[in-house]
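For the sequence shown, counting from 1, position 299 maps to 299 in UniProt numbering; every step adds exactly one. The beta-carbon is built from N, C-alpha and C at its ideal position, and this holds for glycine as well. Nothing here was measured: the structure is a model prediction, and the numbers come from that model.
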Amino acid sequence: MDHFLYKAGRLHAEEVPLDEIAAAVGTPVYVYSAATLLRHLKVMQEALTGQPHLVCFAVKALGNVAVLKLLGDAGAGMDIVSGGEYARARAAGVPGERIVFSGVGKTRDEMRMALEGGIRQFNLESEPEMEALSEVAAGMGAVAPVTIRVNPDVDAKTHAKISTGTSETKFGIPIARASQVYARAAALPGLRVVGVDVHIGSQLTELGPFEAAFSKVAALVEALREQGHEIARIDLGGGLGIPYTRSNEAPPLPFDYGALVQRTVGHLGCEIEVEPGRLIAGNAGVLVSRVIYDKAGEGRDFLILDAGMNDLLRPAMYDAHHDIVPLAEPAPGAEARSYDVVGPVCETGDTFARARALPPMAEGDLVAFRSAGAYGAVMAGEYNARPLIPEVLVQGNHFAVIRARPTYEEMIARDSIPAWL
Ligand code: LLP
1 MDHFLYKAGR
11 LHAEEVPLDE
21 IAAAVGTPVY
31 VYSAATLLRH
41 LKVMQEALTG
51 QPHLVCFAVK
61 ALGNVAVLKL
71 LGDAGAGMDI
81 VSGGEYARAR
91 AAGVPGERIV
101 FSGVGKTRDE
111 MRMALEGGIR
121 QFNLESEPEM
131 EALSEVAAGM
141 GAVAPVTIRV
151 NPDVDAKTHA
161 KISTGTSETK
171 FGIPIARASQ
181 VYARAAALPG
191 LRVVGVDVHI
201 GSQLTELGPF
211 EAAFSKVAAL
221 VEALREQGHE
231 IARIDLGGGL
241 GIPYTRSNEA
251 PPLPFDYGAL
261 VQRTVGHLGC
271 EIEVEPGRLI
281 AGNAGVLVSR
291 VIYDKAGEGR
301 DFLILDAGMN
311 DLLRPAMYDA
321 HHDIVPLAEP
331 APGAEARSYD
341 VVGPVCETGD
351 TFARARALPP
361 MAEGDLVAFR
371 SAGAYGAVMA
381 GEYNARPLIP
391 EVLVQGNHFA
401 VIRARPTYEE
411 MIARDSIPAW
421 L
């Protein structure tokens, strides 16, 4: 459930009409609903009631500091994958003991930064990385809490570019080698083994792959305990899918996911960590865009928007579907037209949808891409020298710009011309 609904014919974010935001801030613009973000966090927290747990929001999905503060103040931890995300989480006031550090390529500088600032755990992904952290921590006279991410070789049955749990991906260590790698971790100075980590992919629409992976992890925890390791935490990663269309999709409910967690790893008495990103942020954001032109093509009509692939990359990158709806509610039974919905960027891949049914649209009309809260603004860039898209947070009947659109002067000022030119 989200808080983007038509009221009196206008699409609202909570109590604020989106056209009002478009008029005040300009388009294109991302708009997030605080109530939706908090609701999704709560649903996940409640799904895990009955076992000690920490829901760590995957910052990569939506990294705006205001959003991180909102979620952090509601008790969320953070799953981060870079020094930049660490800095953002801390700037949002999230304490180090609620931050887990994931990712295959943590640098020594990033490790040092997290150890100095405070960190709950590092989720290690390889032996070279383990050696590096040992060196860095021991050199600082610190002890780094670590889990090791195992690759359970389970097919997540999702888009190939966001599937991470099979052996041909770069993620984690093969689960068959876990005993060896844990023994090495236990022997290295500066490391303290605290748990096991797994993450098999994103936008999972069935529970089966989770069940297969978590069962393997449960067996591994028992084996590791027999080998003398203290396994107090299990990090189960993120990945629970969300509905991207209003009608025909029904991904598993967080409640059923929670029951599965209880069933597969609950008996181990570990603290459970999860790292949802999309589940919390996906349907808590929309991208509002204006129609520039309605262009008649050869046997098709192009709706040219002021949002481009640089603002919302998912359709170009994953052929992802986003519902596109007009901000002005169409009359019931109103005629529909078929549009190829495209952006202004000079690439054919700058296509959001083909043959999409929409009410007849005219220049200046406003539309919203739904389900754009996760992996939207964070993946945006300035290709074609298009300013980085602004972000707005709505709570109740008020809204605030939480990232302003840069001016051309600000964009140009980031470059510098060497003296010899
Ligand atoms: N934990 C780890 C270690 C991850 O790699 C990810 C996502 C998550 C948690 C959060 O997964 P989620 O709950 O959001 O599914 N850009 C792609 C998605 C990439 C996901 C990468 N890792 C997209 O737009 O679909």
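Between the stretch 337-353 and the stretch 252-265, can you find at least three pairs of beta-carbon atoms closer than 8 Å? Segment contact: the stretch 252-265 against the stretch 337-353, fewer than three CB-CB distances shorter than 8 Å; contact not assigned.
Minimum length 4: unbroken alpha helix (DSSP H) runs contained in the stretch 216-291: Listed in chain order, they are 254-265 and 278-281.
Residue nearest to T27 in terms of C-alpha spacing, selected from L305, Q395 and S416: Taking only the C-alpha atoms, the option nearest T27 is L305.
I175 and P209 closer than 9 Å at C-beta: In this structure, P209 does not lie closer than 9 Å to I175 by Cβ.
Once you ignore the five residues that flank I119 on each side, which residues in its own chain have a CB closer than 7 Å to its CB? Counting only Cβ-Cβ distances below 7 Å, and skipping sequence neighbours, we find G96, I99 and F101.
DSSP has L191 in a bridge; who is on the other side? Within the DSSP secondary-structure output, L191 pairs in a beta bridge with A144.
Beta-carbon within less than 8 Å of D415's beta-carbon, same chain only, minus the 5 sequence neighbours each way: which residues are those? In its own chain, leaving out the 5 sequence neighbours on each side, no residue places its CB closer than 8 Å to the CB of D415.
Just tell me which of G376, V196 and G172 has its CA closest to the CA of L236. Measuring from the Cα of L236, the nearest candidate turns out to be V196.
Starting from I162 and walking both ways along the beta strand (DSSP E), at which residues does that stretch end? It is not in any beta strand (DSSP E) - I162 carries neither H nor E in the DSSP assignment.
Proximity test, R278 beta-carbon vs ligand 1 heavy atom, cut-off 8 Å: True, at least one ligand heavy atom lies under 8 Å from that Cβ.
Just list the residues that DSSP pairs R403 with in beta bridges. DSSP output for R403 lists E391 as bridge partner(s).
Quick check on the burial criterion: 16 or more other C-beta atoms within 10 angstroms. Buried or exposed for H398? H398 comes out exposed.
Determine the extent of the alpha helix (DSSP H) in which T36 is found, giving its start and end residues. Per DSSP, T36 belongs to the alpha helix (DSSP H) from A34 to A47.
At which residues does the beta strand (DSSP E) containing L358 begin and terminate? Counting along the chain, the beta strand (DSSP E) containing L358 begins and ends at T351 to L358.
Pair within 9 Å by beta-carbon distance, K106 and L68: For K106 and L68, no; Cβs fall outside 9 Å.
I'd like the span of the alpha helix (DSSP H) that includes P315, first residue to last. Looking at the DSSP string, the run of the alpha helix (DSSP H) that includes P315 is R314 to Y318.
Using the beta-carbon count (16 or more within 10 Å), is S202 buried or exposed? With 16 or more neighbouring CB atoms inside 10 Å of its own CB, S202 falls in the buried class.
Taking the C-alpha atoms as reference points, what is the distance between K295 and A357? Distance between the alpha carbons of K295 and A357 is about 16 Å.
Between the Cα of V341 and those of M379, V16 and R290, spot the shortest distance and give me the residue it belongs to. Checking every option, the nearest Cα to that of V341 belongs to R290.
For R370, the three-state DSSP class (helix, strand or coil): Coil at R370, not helix or strand.
Roughly how far, in whole angstroms, is the beta-carbon of residue 423 from the beta-carbon of T36, given that I think they are within contact range, below 8 Å? Residue 423 cannot be examined here, being either before or after the span of the chain that is shown, 1 to 421.
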